[in-house]
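Visitor:
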Amino acid sequence: MTAATTKPLPVRSPRYEGKDITDFVCAGLGYDKYDDLTTEYQVKGEFADYGIRIDKQLAAFIEVKRCSQKLNAKHLRQVQMYAVNEGVEWMILSNGQVWQAYHMTAGLPVVIDLALEVDLLSLDPRFEI
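Residue 74 in our numbering sits at position 64 of the sequence shown; the count goes up by one each step and never skips.
Written out as structure tokens, the structure is:
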């Protein structure tokens, strides 16, 4: 197929991308959609995209951005605010392609460490997860 006949990819709505994230978190990471995930978790008048529960305790927030957006410091500050307000140590940012997991250590100042970053499109297809 030449560049002249290539059709652009359709723009996906945030609602559809959210379904992709839910499917990935449940099927790919083993969380239960009903017992372990909560969508639109309210934090002081704002809403985190997802909360993850382990043994019924909130353990992490996931903030999802459009697949066309590069993850940046502004996005990290957003999910960090949720985590600080709820006393949650783990934060995950994703645009569907890139997944970043951060750990927060309480104190003054709060310390945020990038624990893991994975670009799903750069994985070797021979690599088994």
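From the three backbone atoms N, C-alpha and C, an ideal C-beta is built for every residue, glycine too.
Take every Cβ of the region 52 to 69, pair it with every Cβ of the region 120 to 127, and state whether three or more of those distances are shorter than 8 Å.
Guide: no
Visitor: Cα-Cα, which of L81, L103, G117 and V108 is closest to S132?
Guide: V108
Visitor: Counting only the same chain and skipping the five closest in sequence on each side, list residues whose C-beta sits under 7 Å from that of H113.
Guide: E99, W100, D123 and A125
Visitor: Would DSSP call D42 helix, strand or coil?
Guide: coil
Visitor: Rounded to the nearest angstrom, what separates Q67 and Y60 at their Cα positions?
Guide: 14 Å
Visitor: Tell me where the alpha helix (DSSP H) around E96 begins and ends.
Guide: A83 to E96
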